[in-house]
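Under full-length UniProt numbering, the sequence shown has 212 at position 212, and the numbering climbs by one with no breaks.
For glycine and all other residues, C-beta sits at the position ideal for the given N, C-alpha and C.
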Amino acid sequence: MSVSMPQKRYYRQRAHSNPMADHTFQYPVCPEEMDWSKLYPEYFRPLDGSGSPEKQKAQVEFADIGCGYGGLLVQLSKLFPEQLILGLEIRVKVSDYVQDRIRSLRAAEPGSYQNIACLRSNAMKYLPNFFTKGQLPYLKYTFIVARLTSDYNTVIFIVITTLLILLSKMFFLFPDPHFKKTKHKWRIISPTLLAEYAYTLRVGTDCTFSSNVEPELECCALLGVSKCLERPEKCMWGFGHGEDGRGQRPVMGLVYTNTDVEEVHDWIVKHFSDHPLFSRVSDEELADDIIISHLGTCTEEGKKVQRNGGKNFLAVFRRVEDPQT
Ligand SMILES: C[S@@+](CC[C@H](N)C(=O)[O-])C[C@H]1O[C@@H](n2cnc3c(N)ncnc32)[C@H](O)[C@@H]1O
1 MSVSMPQKRY YRQRAHSNPM ADHTFQYPVC PEEMDWSKLY PEYFRPLDGS
51 GSPEKQKAQV EFADIGCGYG GLLVQLSKLF PEQLILGLEI RVKVSDYVQD
101 RIRSLRAAEP GSYQNIACLR SNAMKYLPNF FTKGQLPYLK YTFIVARLTS
151 DYNTVIFIVI TTLLILLSKM FFLFPDPHFK KTKHKWRIIS PTLLAEYAYT
201 LRVGTDCTFS SNVEPELECC ALLGVSKCLE RPEKCMWGFG HGEDGRGQRP
251 VMGLVYTNTD VEEVHDWIVK HFSDHPLFSR VSDEELADDI IISHLGTCTE
301 EGKKVQRNGG KNFLAVFRRV EDPQT
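Now the structure itself:
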């Protein structure tokens with residue numbers, strides 16, 4: 001079946017939608033009542049239990065807040081084919097566009113783009129209706145390591161089942177700046193909202209996996225597990241297995257922000273830095289993060305900024321353990 005690519009000119013809408021207003025949104029009363037099968041039919045079965053039971057283990061892992069026309073979703077779909085990625089967009093026509101775009105991409109390339117979806121919603125109001133506390137997922141991985149015994153005749157298969165906490169990422173790319181002081185309450189970054197974002201994000205835990213057996217280490221590296229001997233809040237899953245977890249790709253409990261407006265960047269940095277549940281990730285730690293290079297270029301707003309020779313102010317924050325607990 002061919003579905004033509006939607007044309008943006010039919011989906012234009014004025015730039016700002018009041019996030020405080022009562023729009024008519026559909027949302028579940030709690031995350032358990034969310035029927036994800038409509039958005040990710042290849043991964044979920046409907047809530048009525050029909051369909052394959054295999055399809056019930058998935059969870060949304062990345063959220064693009066204010067996804068606009070969906071450029072980041074499309075880009076991440078192939079970069080992270082194993083992760084489910086959700087765009088949240090408040091404007092009706094813009095979210096319609098993204099949904100039609102994904103439908104068209106899926107039809108053009110059967111089997112692809114099944115891991116991305118867009119939901120029309122107000123992220124400033126309804127995130128906890130969709131995401132559980134610390135959602136972002138426990139995925140159960142079982143992996144088998146074959147090891148030769150000392151007589152070299154018998155192969156021992158070691159089955160290691162681990163609860164592997166996978167990536168959890170939130171993106172705020174080119175958030176609406178709302179320059180006027182009276183409109184600052186419309187900004188999508190604020191102390192109250194940061195508490196909500198922290199609620200949905202998973203903290204780095206002191207999950208360690210250590211072994212001196214090379215195949216096991218290789219397995220771990222393949223799965224993205226790394227040894228981490230640092231403090232829990234610094235613990236990150238990454239590729240490779242360095243002794244101290246340094247120099248590895250930070251992959252969990254992260255919030256990526258990018259804006260072309262310096263004042264908004266300062267606002268973002270101030271609020272995240274003041275918040276006890278977040279800490280800034282240094283540029284050095286981000287050096288190997290494959291996402292970073294896409295943040296200023298893959299979205300429609302990013303492209304506009306590029307065309308106009310604008311700047312990118314990027315900052316990434318890690319969800320850390322509550323210092324009170
Ligand atoms: C300047 S655009 C950036 C869009 C996209 N991230 C990009 O880089 O192209 C900001 C987007 O956030 C959306 N937005 C603003 N407030 C929102 C909210 N409370 N919930 C969901 N989306 C929101 C707007 O409708 C708009 O599409």
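Anticipated Cβ contact below 8 Å, residue i with residue j, distance rounded
i, j, result
"S190", "G253", "Not confirmed; about 20 Å, so no contact."
"S77", "N115", "6 Å"
"Y113", "L84", "Between L84 and Y113 the Cβ distance is about 12 Å, and since that is not below 8 Å, they are no contact."
"F174", "E262", "About 13 Å separates the two Cβ atoms, so there is no contact after all."
"F44", "S37", "4 Å"
"D260", "V305", "4 Å"
Cβ-heavy atom distance, residue i to ligand 1, below 8 Å
i, result
"G66", "yes"
"I188", "yes"
"R12", "no"
"residue 328", "Because the chain in this structure spans residues 1 to 325, residue 328 falls outside the shown range and cannot be described."
"H294", "no"
"T257", "no"
"S121", "yes"
"L173", "yes"
"D96", "no"
"D176", "yes"
"S77", "no"
"M5", "no"
"K125", "yes"
"S17", "yes"
"T200", "no"
"E89", "yes"
"T299", "yes"
Contact set for residue i: own chain, Cβ-Cβ below 6 Å, skip 5 residues either direction
i, result
"V264", "P177"
"T257", "F172, I268 and A315"
"G309", "none"
"S17", "I90 and R91"
Contacting residues, own chain, Cβ-Cβ under 8 Å from residue i (five flanking each side not counted)
i, result
"S4", "S104"
"L194", "H271, F272, H275, L277 and F278"
"L119", "L39, L86, G87, L88, E89, S95 and F130"
"Q13", "R91, V92, K93 and V94"
7 Å CB neighbourhood of residue i in its chain, flanking five on each side removed
i, result
"G68", "E89, V94, T299, E300 and E301"
Heavy atom of ligand 3 within 8 Å of residue i beta-carbon
i, result
"G71", "With respect to ligand 3, the structure shown offers nothing to examine, as its ligands consist of ligand 1."
Check whether the region 96 to 110 touches the region 169 to 184, counting contact only when three or more Cβ pairs, one atom from each stretch, lie closer than 8 Å.
no
Is it true that the region 286 to 295 meets the region 57 to 68, where meeting means three or more beta-carbon pairs spaced less than 8 Å apart?
no
Is it the case that the region 118 to 133 contacts the region 63 to 70, given that we only count it when at least three CB pairs across the two stretches are under 8 Å?
yes
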